[in-house]
Amino acid sequence: MATTSTAAKTAQFGVIGLGVMGQNLALNIHDHGNSVAVWNLEPDMVDKFVHDHGDIVGNKDLKDFVQSLERPRRMLMMIKAGDPVDQMLKKLAPLLSPGDIVIDGGNSWFKDTQRREAEMRNVNLNFFGMGVSGGEEGARHGPSLMPGGSKEAYEHLKPILESIAAKSDSGPCVTHCGPDGAGHFVKMVHNGIEYGDMQLIAEAYDLLRKALGLTASEIADIFAQWNSGVMESYLVEITSQVLTAIDPQTNKPLVDQILDKAGQKGTGKWTAQVALDLAVPIPTIAAAIDARVLSSMKDERVQASKVLGSSQMRYSGDKKQFVTAIHDALYAAKICSYAQGMSLIRAGSNEWNWGIVLREMARIWKAGCIIRARLLDSIMKAFDRNPQLPNLLLDDEFKKAVRSAEGNWRKVISTSVELGIPVPAMSASLAYFDSYRSAELPQNLTQAQRDFFGAHTYQRKDDPQGKAVHTEWTSLIRKTGGK
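Offset between the sequence shown (1-based) and my numbering: plus 28.
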């Protein structure tokens with residue numbers, strides 16, 4: 029079948045970029061009763077897509093693609109983030125009319141989205157940055173969508189986005205996140221939480237295999253059992269499935285044949301960088317990023333294991349009780365990871381005046397996305413109880429859950445230290461919990477040191493809101509040790 033000309037058909041929605049995600053989203057949109065036009069840099073891909081899927085408006089020329097869309101034109105770019113987005117906008121903008129809407133569905137840096145939105149707005153065009161989570165399967169059958177842009181323009185997108193989004197018992201997994209970069213910011217933090225969640229699950233797996241000596245099959249059964257309770261989530265579910273896969277070459281568990289070097293695409297690093305800029309602690313997520321970086325140092329780690337040795341100790345206590353303890357430690361640490369992510373979204377919303385509703389972020393993550401979990405329903409309800417909740421740990425239900433798990437959490441961390449099994453994200457979560465609930469931290473000494481060597485000043489306890497002061501420390505220091 030030849031590509032369709034603009035004279036023959038018009039479409040309600042356009043998709044630019046026919047990679048796997050672009051194709052699946054185009055088909056998802058079409059399946060929900062919307063006529064779709066497509067364009068791709070390689071014309072052969074357009075021909076093949078139209079040939080394979082029939083009732084699609086295919087265009088080899090970008091101008092024909094634009095003219096084939098109903099007004100206000102609505103189009104989604106699923107192309108590589110970075111300069112390709114800017115180049116595509118330069119080509120598109122002269123072809124568009126005032127009020128038209130262009131969506132960037134890639135994992136773009138949210139500040140780039142802010143810049144692009146302002147540039148497009150200056151020529152009376154609407155630009156949206158939209159996080160898309162759920163991978164290939166989600167794109168085809170229902171992703172979680174996080175659009176950010178003009179509230180007025182969103183009304184033109186809402187019917188289509190709600191139709192293609194995943195559905196939970198709380199509705200379609202899409203909402204208007206806020207203006208300009210809000211959607212891509214939310215997706216960035218979503219990915220940061222994903223990093224933390226995956227690392228915590230990996231640490232639980234490591235404890236089960238190293239401390240208890242369990243096989244992949246035995247661990248799969250444990251994760252499957254955990255997935256039927258409070259820990260129910262997509263990541264726990266696929267973990268139980270991954271652990272059952274058998275390598276056809278060795279007839280052994282496939283997971284045991286995979287090299288322990290984890291990759292990353294940048295969104296986790298962005299999350300950590302923004303958190304530092306906004307002074308929001310996210311130690312669980314940061315530990316997960318560090319763990320991936322350390323994993324990439326495979327050759328160096330192998331050499332270090334020969335020089336420094338590595339622990340081969342096993343847990344000698346009751347195995348069943350320790351499995352329960354790992355469950356509780358994982359759950360409490362996950363709560364801390366989500367708490368850190370939500371706090372970062374709130375800080376970003378305040379910094380850029382986005383008006384993000386945290387309850388809605390939990391709601392749209394309940395289905396379709398990678399971090400979908402039963403826990404999100406509890407998070408949504410926590411923000412129902414208190415929309416201004418500063419931290420999930422202060423919610424009564426989460427406070428009870430964490431305090432209930434605290435004993436086992438501490439047992440797992442102390443046992444891990446004794447056995448020499450690294451659990452950086454679980455440990456960071458516990459340190460976050462302990463620090464957050466501490467009325468007194470040792471940074472009084474830090475401030476004294478800073479003032480001593482750099483005259484950075486400090487505030488006094490008896491006047492915490494008063495003027496910062498500096499001390500001439502040498503005149504007050506008591507001579508000790510015969511010096």
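We treat Cβ as the ideally placed atom computed from N, Cα and C, and that holds for glycine.
Mapping DSSP to helix, strand and coil, what is I392?
As a first step, residue 392 is located in the sequence shown; it is residue number 364 there, counting from the start. DSSP places I392 in helix when its eight states are reduced to three.
Tell me which residues share the same chain as A252 and place their Cβ nearer than 7 Å to its Cβ, disregarding the 5 neighbours each side in the sequence.
Within the sequence shown, residue 252 is the residue found at index 224, counting from 1. Within the same chain, S268 come within 7 Å of A252 by CB-CB distance, once the 5 residues on both sides are set aside.
What do you get for F426, buried or exposed, if any count of 16 or more other CB atoms within 10 angstroms of its CB means buried?
For the purposes of this step, residue 426 is taken as the residue at position 398 of the sequence shown. When all chains shown are included, F426 counts as buried.
D59 by DSSP, collapsed to three states: which one?
To locate residue 59, count along the sequence shown from 1; it is residue 31. Helix, per DSSP.
Quick one: what's got a C-beta closer than 8 Å to M116's C-beta in the same chain, skipping five residues either side?
Residue numbering aside, residue 116 sits at position 88 when the sequence shown is read from its first letter. Answer for M116: I44, M105 and I107, listed in chain order.
With respect to 7 Å, is the separation between the Cβ of K427 and the closest non-hydrogen atom of the ligand NAD below this value?
Although the ligand NAD was asked about, the structure shown includes no ligands whatsoever.
Could you check what DSSP says for S455 in three-state terms: helix, strand or coil?
Mapped onto the sequence shown, residue 455 falls at position 427. DSSP places S455 in helix when its eight states are reduced to three.
For V172, write down the residues that DSSP places opposite it in a beta bridge.
For the purposes of this step, residue 172 is taken as the residue at position 144 of the sequence shown. Per the sequence shown, residue 172 should be read as Ser rather than Val. Looking at the DSSP assignment, S172 forms a beta bridge with S161.
Going by other Cβ atoms of all chains shown within 10 Å of its Cβ, with 16 needed for buried, is Q285 buried or exposed?
The count along the sequence shown starts at 1 and reaches residue 285 at position 257. The residue is exposed, with fewer than 16 neighbouring Cβ atoms inside 10 Å.
When you compare only the Cα positions, how much space is there between L282 and L242?
Here residue 282 is taken as the residue at index 254 of the sequence shown, counted from 1. Here residue 242 is taken as the residue at index 214 of the sequence shown, counted from 1. So the alpha carbons of these two residues sit roughly 15 Å apart.
With the cut-off set at 8 Å, would you say L304 and E379 are in Cβ contact?
Taking the first residue of the sequence shown as 1, we reach residue 304 at position 276. Taking the first residue of the sequence shown as 1, we reach residue 379 at position 351. Against a cut-off of 8 Å, the Cβ pair of E379 and L304 comes out as no contact.
Near A109, which residues of its chain fall below 6 Å by C-beta distance, leaving aside the five closest residues on each side in sequence?
What you label residue 109 is simply residue 81 of the sequence shown in a count that begins at 1. Taken in chain order, the residues that qualify are G134, N135 and S136.
Less than 7 Å between C-beta atoms, sequence neighbours within five positions excluded: which residues of the same chain meet that for E265?
Along the sequence shown, read from residue 1 onward, the residue named residue 265 stands at position 237. Excluding sequence neighbours, E265 sits near N255.
Considering only residues of the same chain and omitting the five flanking positions on each side of K139, which have a CB-CB separation below 7 Å?
For the purposes of this step, residue 139 is taken as the residue at position 111 of the sequence shown. Only G209 meet the Cβ criterion.
Tell me which residues share the same chain as F41 and place their Cβ nearer than 8 Å to its Cβ, disregarding the 5 neighbours each side in the sequence.
As a working note, residue 41 is residue 13 in the sequence shown. Only I57, N62, S63, V64, A65, L97, R102, M103, L104 and I188 meet the Cβ criterion.
Report yes if the C-beta distance between A401 and Y233 is below 8 Å; otherwise report no.
On the sequence shown, residue 401 is found 373 positions in, with the first residue counted as 1. On the sequence shown, residue 233 is found 205 positions in, with the first residue counted as 1. Contact: no.
DSSP three-state label for G512, please.
Residue coverage of the chain in this structure runs from 29 to 511, which leaves residue 512 outside it and unanswerable.
Which residue marks the beginning of the alpha helix (DSSP H) containing W380, and which one marks its end?
One-based indexing of the sequence shown puts residue 380 at position 352. First-last of the alpha helix (DSSP H) with W380: K347 to W380.
Check whether the Cβ atoms of D132 and F93 lie closer than 8 Å to each other.
In the sequence shown, the residue the question calls residue 132 occupies position 104. In the sequence shown, the residue the question calls residue 93 occupies position 65. Not in contact: D132 and F93 (Cβ atoms no closer than 8 Å).
Tell me which residue opens and which closes the alpha helix (DSSP H) that L447 is part of.
As a position in the sequence shown, residue 447 is number 419, starting the count at 1. Element bounds for L447: D424 to L447.
Hey, could you find the ends of the alpha helix (DSSP H) R329 is sitting in?
The residue you call residue 329 lines up with position 301 of the sequence shown. R329 -> alpha helix (DSSP H) spans K326 to L336.
Runs of 4 residues minimum, wholly inside the segment 196-228: which ones carry the alpha helix (DSSP H) assignment?
none
When the Cα of G159 is compared with those of V85, D423, G383 and I398, which residue comes out closest?
Sequence index remark: in the sequence shown, residue 159 carries index 131 (1-based). Residue I398 is the option with its Cα nearest to G159.
Sorted by chain position, which residues of the same chain lie with C-beta nearer than 6 Å to W501's C-beta, five sequence neighbours on each side aside?
As a position in the sequence shown, residue 501 is number 473, starting the count at 1. If we look at W501 and ignore the five residues flanking it on each side, its Cβ neighbours are F480.
Do we get a CB-CB distance below 8 Å when we pair W298 with the residues of chain C?
Of the chains in the structure shown, none is chain C; there is only one protein chain.
Just the Cα atoms here: how many angstroms apart are A273 and S125?
Stepping through the sequence shown from its first residue, residue 273 is reached at position 245. Stepping through the sequence shown from its first residue, residue 125 is reached at position 97. If I take the Cα positions, the gap works out to 52 Å.
According to DSSP, what are the bridge partners of N154?
Counting from one through the sequence shown, the residue named residue 154 turns up at place 126. According to DSSP, which records beta bridges pairwise, N154 is partnered with I129.
Residues in its own chain within less than 8 Å of D412 by CB, not counting five upstream and five downstream?
Locating residue 412 in the sequence shown gives position 384, counting from the first residue. Only R387 meet the Cβ criterion.
Within 10 angstroms of the Cβ of V202, are there 16 or more other Cβ atoms? Answer buried if so, exposed if not.
As a first step, residue 202 is located in the sequence shown; it is residue number 174 there, counting from the start. That one is buried.
Among the residues of its own chain, which have a CB less than 8 Å from the CB of S338, if the five just before and after it don't count?
The residue given as residue 338 occupies position 310 in the sequence shown. For S338, the CB contacts under 8 Å within the same chain, skipping 5 residues up- and downstream, are G448 in chain order.
Starting from L189, trace the alpha helix (DSSP H) in both directions and tell me its first and last residue.
Locating residue 189 in the sequence shown gives position 161, where the first residue counts as 1. It spans K179 to I192 - the alpha helix (DSSP H) in which L189 sits, taken as one unbroken run.
At which residues does the beta strand (DSSP E) containing G42 begin and terminate?
As a first step, residue 42 must be located in the sequence shown, where it is residue number 14. F41 to I44 is the span of the beta strand (DSSP E), which, as asked, contains G42.
Give me the Cα-Cα distance between P415 and R374, rounded to the nearest whole angstrom.
Position 387 of the sequence shown holds residue 415. Position 346 of the sequence shown holds residue 374. When the Cα atoms are used, P415 and R374 turn out to be separated by approximately 11 Å.
Rounded to whole angstroms, what's the CA-CA distance from P450 to L287? Just pull it up for me.
The residue you call residue 450 lines up with position 422 of the sequence shown. The residue you call residue 287 lines up with position 259 of the sequence shown. Using only the alpha carbons, I get a separation of about 18 Å.
Is the beta carbon of I560 sitting closer than 8 Å to the one on G296?
Missing from the structure shown is residue 560; the chain here goes from 29 to 511 and no further.
DSSP on P311, reduced to helix/strand/coil?
The count along the sequence shown starts at 1 and reaches residue 311 at position 283. P311: helix per DSSP, three-state reduction.
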